Amino acid sequence: MPLEAFMLEVEPHGHVSPKNNASAMARDLILSKVRTWLMSGWPHKCFSAEFAPFISKRDAFSLQQDNILFGSRLVIPLQLRHEMLRMLHRYH
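Here this note's numbering is used: the sequence shown runs in plain steps of one and ends on residue 167.
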């Protein structure tokens, strides 16, 4: 199934939805910078250690509906991780 189709078929549960994930990502200082780099190009030097994991694997990241993907996996901002884990445990 194409990734676009998967993301469009995801039903929102509570605060976890592609739109809310993208909004939380925009408020996250690290992820918002990574998203900017994905759109405009990566820096030639890593200026801060907190970005090193992203820069070292930059070819694996992409954007889909304003969300950062690592391969085919959605990156969840820290603000939503507890809610996402709770939802995954509930529906597993």
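In this text, a Cβ means the ideal position worked out from N, Cα and C, and glycines have one as well.
None of these values were measured; they are calculated from a predicted model.
Between the options, which has its C-alpha nearest residue i's C-alpha?
i, options, result
"P93", "L144, T111, S123, F126", "L144"
"S98", "W112, L153, P128", "L153"
"E125", "Y166, K108, R161", "K108"
Counting C-beta neighbours from all protein chains within 10 Å, is the total for residue i 16 or more, i.e. buried, or is it exposed?
i, result
"T122", "It should be noted that the sequence gives Phe, not Thr, for residue 122. Its Cβ having fewer than 16 others within 10 Å, F122 is exposed."
"R102", "exposed"
"L155", "buried"
"R165", "exposed"
Does the distance from the CB of residue i to the CB of residue j come in under 9 Å?
i, j, result
"M114", "L106", "no"
"R110", "D141", "yes"
What did DSSP end up calling residue i once you bin it into helix, strand or coil?
i, result
"Q140", "coil"
"F145", "strand"
"P118", "coil"
"D134", "helix"
"S123", "coil"
"I105", "helix"
"S98", "helix"
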